[in-house]
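Report on the following structure.
Protein chains: 2
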Amino acid sequence: MNNTTLKTISTVLNLSISTVSRALKNHPDISEKTKKRVTELADTLDYEPNANAIQLRTSKSNLFGLVVPSISNFFYHSFISSVEEESRRNNFSLLILQSGDDPGIELSNLKLLRQNRISGLFACISTNNSNIDAYLKLKELDIPVIFFDKVPDMVNCNKVCVGDEASASIAASAILKKNRKDILALFGNKNLLITKKRLAAFIETINGKASVKIIHADNSDDAELLTTKNITGKTDTIFCMSDEILTGAMKAIQKQGLKIPADISVIAISNGFIPKLFYPEITYVETSGYKLGKLAFTGMMSCIAGSTFVQDLTTQPVLIEGGSL
Amino acid sequence: MNNTTLKTISTVLNLSISTVSRALKNHPDISEKTKKRVTELADTLDYEPNANAIQLRTSKSNLFGLVVPSISNFFYHSFISSVEEESRRNNFSLLILQSGDDPGIELSNLKLLRQNRISGLFACISTNNSNIDAYLKLKELDIPVIFFDKVPDMVNCNKVCVGDEASASIAASAILKKNRKDILALFGNKNLLITKKRLAAFIETINGKASVKIIHADNSDDAELLTTKNITGKTDTIFCMSDEILTGAMKAIQKQGLKIPADISVIAISNGFIPKLFYPEITYVETSGYKLGKLAFTGMMSCIAGSTFVQDLTTQPVLIEGGSL
DNA sequence: AAATTTACTGCAATCGTTTGCGGAATGCTT
DNA sequence: AAGCATTCCGCAAACGATTGCAGTAAATTT
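Chains A and B, in that order, give the protein sequences. FYI, the numbering for the first sequence is 19 to 343, going by our numbering. FYI, the numbering for the second sequence is 19 to 343, going by our numbering.
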């Protein structure tokens, strides 16, 4: 079965295409009687306007792009969920693409999005030297770009991030408040900006008031191994800078049969899903992908509305008390 | 800055639009010299064809739709990730929409997808009486629909599912093999087809060879509560039909300080993420969203290719041994 | 030198929708 | 009865790309 178009309706009712178009948009020029005839036929024929034609005509796409290393990630899927929700609510569609941390795929994704004439882009750059130039080109085309989470290290772009310094600092304060003295602090890959920021803030807040052993783990398994290796009888607290690290550390702790918090305390930076799987629930500083998504969307809308103001926004993390500290 | 079009290039080079179009497509009618001039200018002007115009002209969209209750779910995000990956690889884009289990939103999502003239749809229907008619309408328009996971209870449609009966049966067999005698079996909402299927297969396989207490929980918290309430000194095994249920049960087990597997055994049906967070890792029957995604995509491609064969495919689950049974 | 082939390139219609402009019919005023 | 506003509607161009057909110039044949 073919799709019905304005033309279909117009020929059936012996009207011109323009009249049908206007009737459907409730244009004052059209009589009520005609409007009724048109809308009724449109209804029975299940008329749906062709988005491609409209976008071509108006050169407005009502389409956002989102590129991310992987949908299936501790953090991103809640971010994506949030952005999708807002987009839909505001009559935008969202084209989601994964780069798999491959700069080549990343590039062809951007190309695809340009071909689809997106109105804006949410981007999380891949860790392996992604090509920032391609993003800058979008800006030249007046397509606003909001970077999130993994953002480029340049000033002149819109970014939304969880409060990296703040979250690490809050965690450190919470530890000090409990008078802990011997901390095993697990961080991620030391080349990532996020790691650097969290590490610096953590150290600064601890400020020598407790002994801290810094460990860098590249993934969950690594974190498990390094936790097992570096935990000593004196260690009273484990800090994990991310969910991925936390899962590894928890594995090690359970393996050794350590009781939380009697034998050892745990605190993490997390969006909250993993911490709540355990009992006692792990105390964590919340960095919500959901909230970040809302923030990103707000930023996008103000860009769309014509703001040229370059934003560097940050969500305010909060401490969620479990029973692990 | 405006987007460059064929027209831009044609006026600069003093050629007709058609020549430019053909030159870019390496048409034999065009001389090498002209081709070179055109491609070079297109390159420096960063020409990208307007997908809307092409789709309007060809009435082929290269766009798939995917509707799902929520992206941010134990299972779906890996399914989505998988489908996105395959789509991209096959030069399709994917429009992902969440229904939030709201039939109204679900309907408007379908409408949106129709307006975008999608070439095919992956759909997971919402639990609250979703409107199947809207899906049937797509079929009338020759838009293939592949239902996944939560599929409608009718024969004449394409479905891909994890092997519900098989997975429950495998779990039951594994329990019997270990000579367990007193099982607390936790299932989800009893109105869901998936629950019914898993429950029936589980019971059938156990076949009276062990005592089974069936409990239905609607969510994770519910599962925790009901586990605590129904576990007895005699209970030697807990079966969880899903990740959501598993997280609740694990919470209860940890709370009571029960040792796995010394005090109690645990087995679940899961995609594997949650089971691997614990030590010992939970033994589970794998129902991979990733694999299901690949299966769904294969089905879609054969529909696109013109197959009218109605498929009802099922992934083959496998038992992954942790140390919990 | 005329006729025919070959190599390039342009015209114009098409996809479905929107919209400025102008036109016809009607009713109302003087 | 002539002039005017009002109401309703259609023409045609435009968005950007594709493609069948036709046209022109040069190269080749006769």
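Even for Gly, the Cβ is constructed at its ideal location relative to N, Cα and C.
Span separating the alpha-carbon of T305 of chain B from that of G341 of chain B: 19 Å
Through-space distance from P298 of chain A to I271 of chain A, alpha-carbon basis: 13 Å
Selection from A:R198, A:K227, A:L310 that minimises the alpha carbon distance to K168 of chain A: A:L310
CB contact flag (N176 of chain B, V163 of chain B, <8 Å): yes
L156 of chain B to A203 of chain B span [Cα, whole Å]: 40 Å
Beta strand (DSSP E) segments (min. 3 residues) lying fully within the region 254-327 of chain B: 255-258, 283-288, 301-304
Chain-order list of residues whose beta-carbon lies under 6 Å from that of T332 of chain B (same chain, five-residue window excluded): C179, G181
Beta-bridge partners of D200 of chain A, as assigned by DSSP: A:S229
Proximity test, Cβ basis, 8 Å: P67 of chain B and chain A: yes
Identity of the residues DSSP links to N91 of chain B by a beta bridge: According to DSSP, which records beta bridges pairwise, N91 of chain B is partnered with nothing at all.
CB-CB length for V56 of chain A against A41 of chain A, believed under 8 Å: 4 Å
Bridge-paired residues (DSSP) for L112 of chain A: A:F82
Extent of the continuous alpha helix (DSSP H) run through G122 of chain A: 121-133
Where V328 of chain A falls, given that 16 or more other Cβ within 10 Å makes a residue buried: exposed
Residue from A:P335, A:L113, A:I143, A:D254 with nearest C-alpha to E183 of chain A: A:P335
8 Å Cβ cutoff, N21 of chain B in contact with chain A: yes
Proximal residues, the region 233-247 of chain A versus chain B, C-beta separation under 7 Å: none
The ligand ZN heavy atom lying under 7 Å from the CB of D47 of chain B: For the structure depicted, the ligand ZN is absent and the ligand set is empty, with no information on it obtainable.
Top-ranked residue by Cα proximity to Q116 of chain A, from B:V101, B:K269, B:S137: B:V101
Those residues which DSSP pairs with G181 of chain A across a bridge: According to DSSP, G181 of chain A bridges with nothing at all.
P279 of chain A, buried or exposed, once every other Cβ within 10 Å from all chains shown has been counted against 16: buried
Short Cβ contact (8 Å threshold) for L74 of chain A with L131 of chain B: no
Local Cβ density within 10 Å of M172 of chain B, reported as buried at 16 or more and exposed below that: exposed
Simplified DSSP state of A235 of chain B, which is helix, strand or coil: coil
Proximal residues, the region 77-98 of chain A versus chain B, C-beta separation under 7 Å: S88, I89, S90, H95, S96, I98
Beta-carbon gap between S260 of chain A and I287 of chain A smaller than 8 Å: yes
Residue(s) in a DSSP beta bridge with D330 of chain B: B:K177
CB contact below 8 Å: I256 of chain B versus chain A: no
Helix, strand or coil at I98 of chain A according to DSSP, with G and I counted as helix: helix
Per DSSP, cross-strand counterpart(s) of V169 of chain B: DSSP lists no partner for V169 of chain B.
Backbone CA spacing between Y308 of chain B and F296 of chain B [nearest angstrom]: 22 Å
Interface partners of L74 of chain A on chain B, CB under 8 Å: N68, N70, A71, L74
G206 of chain A, buried or exposed, once every other Cβ within 10 Å from all chains shown has been counted against 16: buried
F140 of chain A - partner residues in DSSP beta bridges: A:L84, A:I164
Rounded separation between A152 of chain A and L159 of chain A - CA only: 11 Å
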